[in-house]
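Number of protein chains: 4
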Amino acid sequence: MSHTSLSVAVIGAGMAGTTHANAWRQVGTVYDLGLPKIRLAAIADAYEPFAKDAAERYGYEKAVTDWRDIADDPSIDIVSIVVGNALHREIAEALIRAGKHVLCEKPLADTLESARAMAEAERAAGTVTAVGFTYRRNAAIAEIAKLVREGHLGEINHFEGRYWCDYGVDPNTPMAWRYSGPMGSGALGDVGSHLIDTAELICGPLVSVSGGAMMTSIKQRPVAKGHVTRGTALDTYAVELAEVTNDDVATFTGHFASGAVGTFSCSRVAWNMPNAMMLDVLGTKGRASWDLARCGEIKLDDVNSPAGLGGARQVLVNPTFPYFARGSSMAFGGVGLTQIEQFTYQAYAFLQQVAGVTEGALPPCATFADGYREMLIADAVATSAANGGAAVDLTPFNR
Amino acid sequence: MSHTSLSVAVIGAGMAGTTHANAWRQVGTVYDLGLPKIRLAAIADAYEPFAKDAAERYGYEKAVTDWRDIADDPSIDIVSIVVGNALHREIAEALIRAGKHVLCEKPLADTLESARAMAEAERAAGTVTAVGFTYRRNAAIAEIAKLVREGHLGEINHFEGRYWCDYGVDPNTPMAWRYSGPMGSGALGDVGSHLIDTAELICGPLVSVSGGAMMTSIKQRPVAKGHVTRGTALDTYAVELAEVTNDDVATFTGHFASGAVGTFSCSRVAWNMPNAMMLDVLGTKGRASWDLARCGEIKLDDVNSPAGLGGARQVLVNPTFPYFARGSSMAFGGVGLTQIEQFTYQAYAFLQQVAGVTEGALPPCATFADGYREMLIADAVATSAANGGAAVDLTPFNR
Amino acid sequence: MSHTSLSVAVIGAGMAGTTHANAWRQVGTVYDLGLPKIRLAAIADAYEPFAKDAAERYGYEKAVTDWRDIADDPSIDIVSIVVGNALHREIAEALIRAGKHVLCEKPLADTLESARAMAEAERAAGTVTAVGFTYRRNAAIAEIAKLVREGHLGEINHFEGRYWCDYGVDPNTPMAWRYSGPMGSGALGDVGSHLIDTAELICGPLVSVSGGAMMTSIKQRPVAKGHVTRGTALDTYAVELAEVTNDDVATFTGHFASGAVGTFSCSRVAWNMPNAMMLDVLGTKGRASWDLARCGEIKLDDVNSPAGLGGARQVLVNPTFPYFARGSSMAFGGVGLTQIEQFTYQAYAFLQQVAGVTEGALPPCATFADGYREMLIADAVATSAANGGAAVDLTPFNR
Amino acid sequence: MSHTSLSVAVIGAGMAGTTHANAWRQVGTVYDLGLPKIRLAAIADAYEPFAKDAAERYGYEKAVTDWRDIADDPSIDIVSIVVGNALHREIAEALIRAGKHVLCEKPLADTLESARAMAEAERAAGTVTAVGFTYRRNAAIAEIAKLVREGHLGEINHFEGRYWCDYGVDPNTPMAWRYSGPMGSGALGDVGSHLIDTAELICGPLVSVSGGAMMTSIKQRPVAKGHVTRGTALDTYAVELAEVTNDDVATFTGHFASGAVGTFSCSRVAWNMPNAMMLDVLGTKGRASWDLARCGEIKLDDVNSPAGLGGARQVLVNPTFPYFARGSSMAFGGVGLTQIEQFTYQAYAFLQQVAGVTEGALPPCATFADGYREMLIADAVATSAANGGAAVDLTPFNR
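Residue numbers (full-length UniProt numbering), protein chains in the order written: chain A, 1 to 399; chain B, 1 to 399; chain C, 1 to 399; chain D, 1 to 399.
So, in structure tokens, the structure goes:
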């Protein structure tokens with residue numbers, strides 16, 4: 001593997017896959033890399049039209065339909081895995097064996113067993129392995145984490161996280177793999193996983209969860225004919241209905257090692273809220289709030305105001321923030337940020353790790369171990385829910 | 001007791017007491033009563049300057065320092081009890097024995113035992129008894145409850161309630177009775193009680209709670225010298241510190257009989273949030289949100305929009321709403337509403353009950369039984385918290 | 001006239017009249033008066049049911065149908081005039097002659113000639129005379145004015161004021177006196193008058209206006225049968241239509257003596273915005289914004305933030321603010337304020353003037369001279385509009 | 001010129017130049033082009049390090065320091081001009097003579113004379129020429145324009161546009177070409193130009209302006225040494241100060257041919273508002289508002305709500321909207337949009353014009369004639385300001 005350039009491939013060319021493809025392509029436009037040149041080598045998708053279309057749009061050299069062609073290509077250094085969770089383990093293990101650096105989408109796997117195996121494979125690997133908790137790369141969230149770390153908000157007493165989506169609110173949205181796993185693999189596994197990782201990033205480790213509650217609001221969905229992707233309008237549905245077996249809504253309580261308490265809720269059936277993530281972090285000297293709908297700002301309240309004139313400030317993401325896109329075009333406050341850019345910043349941190357940059361480097365990506373831990377916590381929530389909300393101790397998982 | 005007029009007294013002349021005093025005085029200005037005339041008879045407060053000042057400001061005929069003078073006055077029909085929780089039972093029982101109609105502030109009592117006794121006294125009483133859950137009289141909340149009842153939002157799958165205050169965030173705020181009860185009598189008992197009552201008003205009965213978590217952020221407070229009221233600046237503090245024994249922050253999960261799940265959190269140490277109550281109600285056909293900071297509006301999202309142009313509407317409280325102040329001055333949208341007005345609307349509903357108005361009457365006030373039930377639920381949350389978040393069944397409390 | 005108590009009467013018992021009636025009644029509940037006792041003496045309205053209803057609701061001793069009965073009553077000290085603009089002059093002059101203190105609603109009169117005469121009558125009067133620019137008593141606006149005065153925002157370079165209402169947006173809202181005056185007496189005269197007074201309160205005197213533009217959106221309205229008040233639903237309309245002759249929308253540019261420029265707009269046909277007043281004040285060291293929909297808060301941005309963490313703060317009205325209701329029930333931030341309370345604070349300032357309180361007194365009310373000046377400015381805007389937007393010099397009006 | 005592929009070059013590699021460079025590169029990732037392939041040919045900048053850096057980051061084949069090399073290169077089809085206004089004319093004329101398609105940044109030129117000449121050159125050109133009014137490509141603004149065109153908001157009676165920036169608020173920001181033109185070339189020429197074009201896009205042509213007012217808040221600025229770009233921190237300033245000769249703040253009134261009135265204001269000294277553009281469009285059947293800080297949403301109010309439950313809706317940009325990025329990754333509501341994306345959508349519309357696509361094509365770009373018109377209107381505002389706000393007739397400019 002040559003390090004005068006780094007060759008990148010993406011496995012999976014759906015919505016999130018193309019977002020990875022875009023990130024590898026765009027990373028050099030927003031950062032002064034000081035890094036080997038990026039070569040966009042290949043995109044794989046079992047559905048060939050997707051693979052070809054993505055490769056052409058994003059300027060990758062070739063499109064393949066079998067991910068093994070990527071694992072077998074000795075010229076490829078870095079691979080994003082962006083396919084169904086059930087395929088993560090097999091692909092990741094093969095890629096690691098082939099000596100690739102691997103960035104795997106979250107959640108890490110479809111089962112705890114697979115996730116554990118991946119974390120083990122990581123320990124044995126000689127390459128960089130990471131899981132795609134992209135909110136770690138949101139400039140506002142990273143700033144909140146930094147403020148908490150530096151004591152700017154005092155001792156945190158309460159964290160509240162909500163991640164509410166609506167992709168499942170229409171009962172005519174057809175059955176898909178995401179509606180058929182066990183409790184905990186629905187809303188919690190999909191969007192709650194981001195909340196859990198973000199909560200620990202900001203407030204440190206959780207030591208127990210309780211009050212797990214999950215409900216399935218839409219209990220049956222039509223079985224679709226043919227190839228379906230999220231967001232695609234369907235022409236035809238089968239008459240057949242299938243049972244939804246996992247959670248549309250989940251909520252739980254968390255206890256942090258610091259003594260803070262956490263309130264968590266997530267939903268995939270929140271009416272007309274396409275993608276609403278909201279965080280509140282409250283401490284003895286201030287508070288910070290963030291809303292994905294206003295991705296480029298923090299509401300920050302602290303002691304830095306004249307007497308009688310304090311209040312939550314609308315702080316716009318700016319060049320003093322971590323992950324502010326220093327080299328990008330129009331890099332000033334008020335232009336806006338989007339969720340998509342988080343993937344680009346993630347790509348940059350990953351590349352720094354691969355290239356061994358340490359001086360002034362961004363914090364490294366979440367590891368497979370982090371991804372496994374997040375799944376253990378989600379599983380603990382599901383266990384709590386299955387036991388009427390009983391507490392589940394997380395300390396065995398803490399390193 | 002004559003019903004050509006109704007004589008009213010208020011016991012307690014602190015902040016909330018004067019709010020009651022004001023409500024009885026103002027009710028006739030905002031409603032077409034169709035009711036007996038209101039006579040403002042007396043205000044009682046153990047601290048005489050408070051009693052006298054309130055009586056003079058709000059136009060009550062006399063000020064007394066002993067509440068028994070009110071119980072003993074045969075000309076008085078209606079009495080508000082607005083004193084420390086520990087005094088509610090004794091006063092309420094005496095007033096009921098004296099044949100008074102009683103409106104008691106929340107929470108109903110300081111102990112479950114007292115609350116139960118008051119609910120029993122209520123069953124035996126020949127008069128109207130009620131507990132002051134004033135948010136039932138908030139026009140926006142009442143409208144949300146009506147929308148849910150009428151199915152406008154479909155089946156509710158998720159309720160989220162937050163009530164965050166900051167009255168305890170300053171560690172120099174001195175020790176007071178509200179910081180010294182058992183776990184569950186702090187933030188949960190004070191502001192969480194409103195969330196619980198409001199949640200059941202909107203979503204129907206809870207059947208279990210779990211994930212109870214409580215934390216004390218400020219563990220010691222200075223003991224104040226002399227007479228102190230909430231919001232009063234202190235000149236002098238004792239050197240002595242006392243232990244805070246109840247909850248600054250509380251969070252829990254609730255299960256509604258309907259199948260919906262509830263996420264609840266409350267705080268009295270939320271930095272610089274003097275009085276923030278926020279509700280989200282999510283269903284299969286819409287959602288409604290409300291924020292006390294914008295007391296006169298609902299964010300409402302439903303199916304009533306042209307294709308592609310839907311979204312949460314900023315619905316201003318208007319004359320079609322329950323509790324809209326029909327007879328008031330400047331009674332049009334956009335002028336604003338405040339929490340204070342809820343007390344006036346509560347007074348009106350209570351007066352209708354006393355006068356036996358049924359046709360077109362507002363929903364009746366919460367009863368002592370409701371207040372007892374709310375305390376049982378709060379106690380169940382405290383039990384859950386004491387057991388690491390274990391579930392507590394509420395069905396024994398359901399009627 | 002005895003000053004051991006002050007007797008008050010209100011002429012006009014419509015929506016705004018009852019708001020005055022309420023203010024005189026409530027002023028003692030929110031302030032420590034240190035003043036003579038208020039006696040609620042009389043309410044007058046030509047339409048007897050209104051007068052009687054208001055007197056009963058607000059506790060005034062008598063209701064009369066002829067305002068002259070009030071002018072002639074030697075026991076009355078203070079009178080609010082809250083009737084159609086065309087009646088202001090005659091009533092005010094009579095009251096002044098009778099030695100009354102007079103608080104007249106805005107705009108001061110229906111014609112410049114009448115307003116000038118009233119300002120002259122004021123100079124000759126031995127009593128207190130004032131015009132009801134209630135936004136001077138809004139705690140947030142008063143604070144912004146104070147911040148500007150103290151240089152907190154640096155030199156102001158731009159003021160933007162918008163007052164958008166919707167009371168005229170429905171073409172079926174019937175013809176009324178407010179739709180039939182000359183250009184300048186519509187939206188500009190009604191709500192624009194508040195903007196003009198508030199702008200000068202905050203930024204100092206205007207020296208010219210230009211860019212006056214007025215448009216009539218709804219050109220004809222049905223003539224109603226019978227007694228109609230704003231907000232009243234009509235059962236029947238005449239077939240007849242009448243021409244609307246004044247402005248539904250008005251906008252103009254102002255130049256302040258300070259060098260700042262002002263952008264002003266007002267509307268009575270702003271779709272579904274019942275009562276939206278919004279101000280932005282921008283200077284070289286900060287900015288402040290206010291929105292009537294969030295009556296109790298200021299958005300304030302200045303230099304008091306840590307580097308990189310600045311932004312507009314949501315400052316809640318609090319006890320350090322002018323006109324904060326110190327003696328009121330529930331007087332802490334976050335409870336909310338409404339437009340109605342401005343009338344109460346206005347009543348307090350007026351009473352202080354009548355009683356001759358100077359130490360620690362609130363700023364005095366706007367005078368008839370101020371009211372005349374505001375009308376001269378509005379007239380200058382109308383002149384500008386009639387001349388295609390040509391500039392009109394205001395310096396002849398400056399004292 | 002071959003149309004089996006289209007070769008693109010960008011002249012100017014500053015902040016806006018790289019945004020163009022990015023747009024040409026990314027256009028194929030968000031749209032199904034149905035177009036010739038894009039070849040990224042060259043980037044020119046007089047400052048060679050900028051040119052080289054941009055070419056490398058954005059994948060352009062070569063970097064040049066003289067724009068004439070691009071004009072002279074017969075393989076180049078399309079050229080973006082993104083340099084100082086004073087250079088636009090010479091470059092555009094040369095490019096047109098060389099048979100290039102030209103997309104020129106706004107404002108079209110530094111003088112009316114040059115702009116007029118460019119509009120003439122356009123009429124003679126056989127290629128596509130356009131000016132970069134990118135807000136025409138904002139999905140929310142385009143939707144508002146469509147709603148107005150279709151009568152969804154009734155007859156528009158009022159348009160209010162504000163564009164407030166802060167890039168000039170710091171008096172230490174050094175002198176630059178943008179601070180040294182005549183009145184009208186400052187805030188008005190820079191950001192006001194967007195307001196004017198957007199206003200006419202939504203409401204149709206203006207027929208007159210009046211009330212022009214301009215003020216210079218920061219009257220002198222330090223002269224910087226060496227190469228300076230907007231946003232760059234300076235190490236050293238000269239002792240010398242230079243006079244600022246144009247407008248920091250501008251405001252004016254506009255009359256639309258439709259009868260609607262317009263209120264306009266713009267600023268480059270709006271404290272801590274990096275880039276705030278806000279629009280309100282009010283009509284007889286609804287209103288729409290937009291704020292660049294929430295680039296991906298419209299506040300829309302209309303008749304489509306149940307009785308009593310109407311209000312402004314928060315409509316998220318979605319696939320039914322013009323310019324919704326249909327082919328992009330993560331193309332669902334709630335992910336966010338930024339100003340940067342408008343450049344990509346502009347590139348797409350321009351490419352459709354070049355390729356002669358008509359069926360289902362997006363509205364074409366603004367022409368040089370449109371850019372000249374916008375400058376005539378801005379000049380009319382400056383003329384109005386120079387004459388104390390006198391009206392200036394625009395009908396001679398209307399086609």
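Beta carbons: idealized from backbone N, C-alpha and C, even for Gly.
No experiment lies behind these values; they were computed from the predicted model shown.
Check	Outcome
Could you tell me the boundaries of the alpha helix (DSSP H) in which R123 of chain A lies?	112-124
Answer yes or no: does any C-beta atom of chain C fall closer than 8 Å to that of T284 of chain A?	no
For N246 of chain D, which three-state DSSP category applies?	coil
Is DSSP giving G12 of chain B helix, strand or coil here?	coil
Use the C-beta contact count for A361 of chain A: other C-beta atoms within 10 angstroms, 16 or more gives buried, fewer gives exposed.	exposed
Roughly how many angstroms lie between the CA atoms of G211 of chain D and H158 of chain A, to the nearest whole one?	53 Å
Count the other CB atoms, across all protein chains shown, that sit within 10 Å of the CB of V10 of chain A; report buried if there are 16 or more and exposed otherwise.	buried
When the Cβ atoms of the region 252-261 of chain D are set against those of the region 261-278 of chain B, are three or more pairs found closer than 8 Å?	no
Counting pairs of beta carbons, one from the region 378-389 of chain A and one from the region 240-255 of chain A, are three or more of them closer than 8 Å?	yes
Where does S7 of chain B land, buried or exposed, given buried means 16+ other C-beta within 10 angstroms?	buried
Which same chain residues, not among the five before or five after A16 of chain D, have their C-beta less than 8 Å away from its C-beta?	V82, E105
Closer than 8 Å, CB to CB, is N172 of chain C near chain B or not?	no
Under a Cβ-count criterion, where at least 16 other Cβ atoms within 10 Å of its own Cβ denotes burial, should Q353 of chain A be classed as buried or exposed?	buried
Tell me whether W271 of chain A, by its Cβ, gets closer than 7 Å to a heavy atom of the ligand PLP.	What this structure holds is no ligand at all, so the ligand PLP is not there to describe.
Using a C-beta to C-beta distance shorter than 7 Å, which residues of chain B count as neighbours of G254 of chain C?	What G254 of chain C touches in chain B: nothing, since even the nearest Cβ is about 25 Å away.
When you check each C-beta in the region 8-36 of chain A against every C-beta of chain D, which residues fall closer than 7 Å?	M15, T18, T19, N22, G28, T29
Report all residues from its chain with a CB closer than 6 Å to the CB of W164 of chain B; omit the five preceding and five following residues, and keep chain order.	S267, A270, M273, A276
Around the C-beta of N138 of chain D, are 16 or more other C-beta atoms found within 10 angstroms, so that it is buried, or is it exposed?	buried
For V261 of chain D, report the span of its alpha helix (DSSP H) as first-last.	Looking at the DSSP string, V261 of chain D is not in any alpha helix (DSSP H); the run it does join, the beta strand (DSSP E), is 261-267.
Go ahead and label A86 of chain C buried or exposed: buried means 16 or more other beta carbons lie within 10 angstroms of its beta carbon, across all protein chains shown.	exposed
Check whether the region 340-351 of chain D and the region 132-151 of chain D touch, using three or more Cβ-Cβ pairs below 8 Å as the test.	yes
Taking beta-carbon pairs under 8 Å, can you tell me which members of the region 383-394 of chain B lie near chain A?	S384, N387, G388, G389, A390, A391
Along the chain, where does the alpha helix (DSSP H) containing W67 of chain B start, and where does it finish?	67-71
Following the continuous beta strand (DSSP E) through Y163 of chain D, name the residue where it begins and the one where it ends.	156-164
What is the C-beta distance between A55 of chain D and A63 of chain D, in whole angstroms, given that I count them as a contact (C-beta under 8 Å)?	4 Å
For the alpha helix (DSSP H) containing P49 of chain D, list its first residue and its last residue.	48-58
May I ask you to report which of helix, strand or coil DSSP gives G189 of chain D?	helix
Judging by CA-CA distance, which residue of C:D301, C:V317, C:T320 is the nearest neighbour of G311 of chain C?	C:D301
Compare the Cα-Cα distances from D170 of chain B to each of A:G14, A:V317, A:V303 and report the closest residue.	A:V303
Check whether the region 147-157 of chain A touches the region 284-291 of chain A, taking contact to mean three or more Cβ pairs, one atom from each stretch, closer than 8 Å.	yes
Apart from the five residues just before and just after V128 of chain C, which ones in its own chain have a Cβ nearer than 6 Å to its Cβ?	H101, Q353, V354
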